[in-house]
Structures are given as C-alpha cells and as structure tokens.
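For reference, each letter of the sequence shown is one residue, going 157 to 306 in my numbering.
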Amino acid sequence: MDKNNILYNEFVNSVEIRQITIPKLSWEVSNYPESGEQLSVIPDIDWLDPKIIDETFAEYGASLTLEGLSDNCGEPFLTISIVVKMVIKFDKNLFSQENIQLYQFRNAALSLMAILREQVRNATVQIGLPQLILPTFKIIPDNPLKEINS
157 MDKNNILYNE
167 FVNSVEIRQI
177 TIPKLSWEVS
187 NYPESGEQLS
197 VIPDIDWLDP
207 KIIDETFAEY
217 GASLTLEGLS
227 DNCGEPFLTI
237 SIVVKMVIKF
247 DKNLFSQENI
257 QLYQFRNAAL
267 SLMAILREQV
277 RNATVQIGLP
287 QLILPTFKII
297 PDNPLKEINS
C-alpha cells in the first residue's frame, strides 16, 4: 500500500460523524397523474464543496431535486427538494486538502446518499404516493481522483 493510501486510511479511521442536518426538505404536488399512467422521475444531485470549519471539523453536503413526470403531462406533477449536511471531526495531525476531497467521494457521499434516499421514500409515502426508492447512484467526481491524489 502506498504512503497516500496509508495516510488516507488513518484519516478515515480518525473520523467521527458529529452532526447530520436536513436544512431543507420540501415537496410540491400538482396535477396528480391518472391511475395507470406511466411515471418517471428525474433526479438531479449536487455535491456541495466541503467546508473546513476549523482544524478538526469539516462539513459535507448534498442537494437533491427530484421531478416526477407522467406520460401525459409535460410539467412535473411532483417536485422534491432536499439539502442534507454532515459535520465530521478528524485528527488534525492527519489533515490535508487531499484527504478532505477524497473523503467527499469515497465516504461522505455514501452516507449522504443513504439519507437522501430515505427522505425521498418518506416524502412520497407522506404525500400519498407509492414509496419511491431511488436506485444507487454512480458518483463521478469533477476532478479525477488521480489528480487529487497527485
């Protein structure tokens, strides 16, 4: 194992999730689709840039907007918007910008996505629609990990 991976593994082992918040959770329903109509959803997720709070804390976040469409209507009948944030504590001796960036796509994204999926499922049930369980997403960072690691 190379030195970067060893340092990253030590960084991850030092991480404690300290807080998870959902500062935004909203949904809007209009023009319920007819029974039997074919429905589709269009999810759009944005990964918020990690914020260093101080030398031992960082905040990660994600924003999801999901639109539900029916075959017979061009306008969405459902819009769900969710923002979720997570604060981690880490060992300040293992801090590096590279570790913070890698953690976003290797670890934080998985934790945040699980919360987003559950919130979408809960929202659709509360609205009175069948529960919607989002499929897993493939996460492709804007900056290739090769660049982050170098």
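The C-beta atom is built at its ideal place from N, Cα and C for all residues, glycine as well.
Does DSSP classify residue i as helix, strand or coil?
i, result
"Leu234", "strand"
"Leu220", "strand"
"Ile162", "helix"
"Gln175", "strand"
"Ile256", "helix"
"Leu250", "helix"
"Ser191", "coil"
"Asn305", "Reliability fails at Asn305, whose pLDDT of 49 lies under 50, so the model's placement of it is uncertain and the value that follows must be treated cautiously. Three-state DSSP puts Asn305 in a helix."
"Ser182", "strand"
What residue range is occupied by the uninterrupted alpha helix (DSSP H) comprising residue i?
i, result
"Leu272", "265–283"
Evaluate residue i with the Cβ neighbour count: other Cβ atoms within 10 Å of its Cβ, from every protein chain shown; 16 or more gives buried, anything less gives exposed.
i, result
"Asn255", "buried"
"Leu288", "buried"
"Ile209", "exposed"
"Ile244", "buried"
"Leu234", "buried"
"Leu266", "exposed"
"Asn305", "Note that Asn305 has pLDDT 49, beneath the 50 cutoff, so the model's placement of it is unreliable and the number below is only indicative. It is exposed - the Cβ of Asn305 has fewer than 16 other Cβ atoms within 10 Å."
Can residue i and residue j be called in contact, C-beta distance under 8 Å?
i, j, result
"Ser196", "Leu163", "no"
"Thr292", "Lys241", "no"
"Tyr216", "Gln260", "yes"
"Glu193", "Asn228", "yes"
"Val276", "Leu285", "no"
"Ser219", "Val239", "yes"
"Thr221", "Asp205", "no"
"Glu231", "Asn187", "yes"
Am I right that residue i and residue j are in contact with their C-beta atoms under 8 Å? What's the rounded C-beta distance?
i, j, result
"Ile236", "Ala279", "5 Å"
"Ser170", "Asp247", "4 Å"
"Leu250", "Glu166", "5 Å"
What are the boundary residues of the beta strand (DSSP E) that residue i is part of?
i, result
"Leu195", "195–210"
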